[in-house]
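Just below is one structure, and these are the notes that go with it.
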Amino acid sequence: MSNVVQTLSIIKPDAVERNLDGQIKDIFLNNGFKIVQEKKIQLEKQEAEKFYKVHETKPFYNDLCAYLSSGPIVVMILEKENAIIANRELMGSTNPQEAAEGTIRKKFGISIDKNSVHGSDSTENARIEIDFFFKS
Ligand code: IDP
Ligand code: MG
Numbered sequence: 384m385s386n387v388v389q390t391l392s393i394i395k396p397d398a399v400e401r402n403l404d405g406q407i408k409d410i411f412l413n414n415g416f417k418i419v420q421e422k423k424i425q426l427e428k429q430e431a432e433k434f435y436k437v438h439e440t441k442p443f444y445n446d447l448c449a450y451l452s453s454g455p456i457v458v459m460i461l462e463k464e465n466a467i468i469a470n471r472e473l474m475g476s477t478n479p480q481e482a483a484e485g486t487i488r489k490k491f492g493i494s495i496d497k498n499s500v501h502g503s504d505s506t507e508n509a510r511i512e513i514d515f516f517f518k519s
């Protein structure tokens, strides 16, 4: 049975700043993802805090939210068979130094905080994150 689903992807400020958004979008397209919607925006710090609320108890929360709101990001709804898992695989590990060859974070990530991309980690979070950016 087919399981075509949507996930939320963000090209983070470190990658947009280096003009890598075109290359990263091409990687998604070449791996069978459809870009259903996309927009380039810059978040207010408060909005980043809301987006990353699940991490609010982590020691890196404040830096993380400051970073995500520090410059333009490209937000996309990606669609594919098992898109949530497929995107997590294509992104690679959170720490680019631990990411597998061929993954986006291995290729472009600078550090654990400047790791170039975000991807939803579950069906529930994909829905919440898509609504966060695209609900009219
Ligand atoms: P993920 O982005 O791979 O899902 P999460 O654990 O959900 O990773 O963490 C969200 C983001 O917080 C990461 O992408 C990374 O930018 C940042 N982050 C995670 N762990 C650390 C850390 O130990 N130090 C600094 N930043 C971190
Ligand atoms: Mg996460």
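With positions in the sequence shown counted from 1, the corresponding number in this note's numbering is that position plus 383.
Yeah, the Cβ is synthetic: ideal placement off N, Cα and C, and Gly gets one too.
Q.
Following a CB-centred definition, is Asp404 positioned closer than 6 angstroms to any heavy atom of ligand 2?
A. no
Q) Going by the CB atoms, is the gap between Ile468 and Lys395 shorter than 7 angstroms? A) no
(Q) I'd like to know whether the C-beta atoms of Tyr435 and Leu426 end up nearer to each other than 7 angstroms. (A) no
**Q.** Glu439 versus Ala398 - alpha carbon distance
**A.** 24 angstroms
Q. Touch check for the region 402-409 and the region 470-481: three-plus C-beta pairs under 8 angstroms?
A. no
Q | Alpha-carbon to alpha-carbon, Val388 and Leu465 | A | Rather than Leu, the amino acid found at residue 465 in this sequence is Asn. Cα to Cα, the separation comes out at about 6 angstroms.
Q: Please report how far the alpha carbon of Glu484 lies from the alpha carbon of Asn478, in whole angstroms.
A: 13 angstroms
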